[in-house]
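If you want it as structure tokens, here you go:
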């Protein structure tokens, strides 16, 4: 999810993820060695800690403690969600409060929208819906009106490399100027090349670039023609 990725990009942050009261991993921005089984073990350990605190009748909304050299920052939000941030050893935690609070605000909005949609029967996971909701929020906030093209790129990338494609699209968007609008071949190609650069497998990358070129061609043909006034000015 973009909010977690932005947090994870900070030098002080080693990993960040969100889990629910029933132990589900809702979203994660973690290094490769944080496998699903590792995250599940961490969640079980964290749940044990919070249970001990709750038995003491202490309402735990935010806490920090040291675990294997890392400062672990827990922050509860929404309907039973907990943000977990692993801070690098010896890193200062003080610059992180504002980014963590901002991340929680964005996550709460995205997960809230996803939960509203969860009543509709769908094969899409809640985490995927939350990611999609956050992407919609991000596009609305940045003023992009290019949802069709972005969705096409996300679907194409996901077909090739799986769910992590959403993160690739999000990361590529962050690398482009916020004012960029995908209303020309050059700007569409810029996003395609950025996404392609994040696909490590050469054959899959080449296939993605080839298919994306066809998508760009179709979108360029569907783009509105310049007005006669603009043409005259040229």
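Residue numbers (my numbering): 29 to 262.
Glycine included, C-beta positions come from ideal geometry on N, C-alpha and C.
{"Item": "With distances taken from CA atoms, which of 182, 43 and 109 is nearest residue 61?", "Value": "43"}
{"Item": "In whole angstroms, what is the alpha-carbon distance linking residue 77 and residue 220?", "Value": "44 Å"}
{"Item": "Buried or exposed, going by whether 16 or more other CB atoms sit within 10 Å of the CB of residue 130?", "Value": "exposed"}
{"Item": "As a quick exercise: from 225, 38 and 235, pick the residue whose alpha carbon is nearest that of residue 125.", "Value": "38"}
{"Item": "Rounded to a whole number of angstroms, what is the C-alpha to C-alpha distance between residue 108 and residue 46?", "Value": "10 Å"}
{"Item": "With DSSP run on the structure shown, which of helix, strand or coil describes residue 91?", "Value": "strand"}
{"Item": "Report the partner residues of residue 112 according to the DSSP bridge assignment.", "Value": "45 and 102"}
{"Item": "Of the choices 181, 185, 67 and 188, whose alpha-carbon is the least far from that of residue 246?", "Value": "181"}
{"Item": "Would you call residue 93 buried or exposed, if buried means 16 or more other Cβ atoms sit within 10 Å of its Cβ?", "Value": "exposed"}
{"Item": "Excluding the five sequence neighbours on either side, which residues of its own chain have a C-beta within less than 7 Å of the C-beta of residue 239, listed in chain order?", "Value": "184"}
{"Item": "Can you tell me whether residue 185 is helix, strand or coil according to DSSP?", "Value": "helix"}
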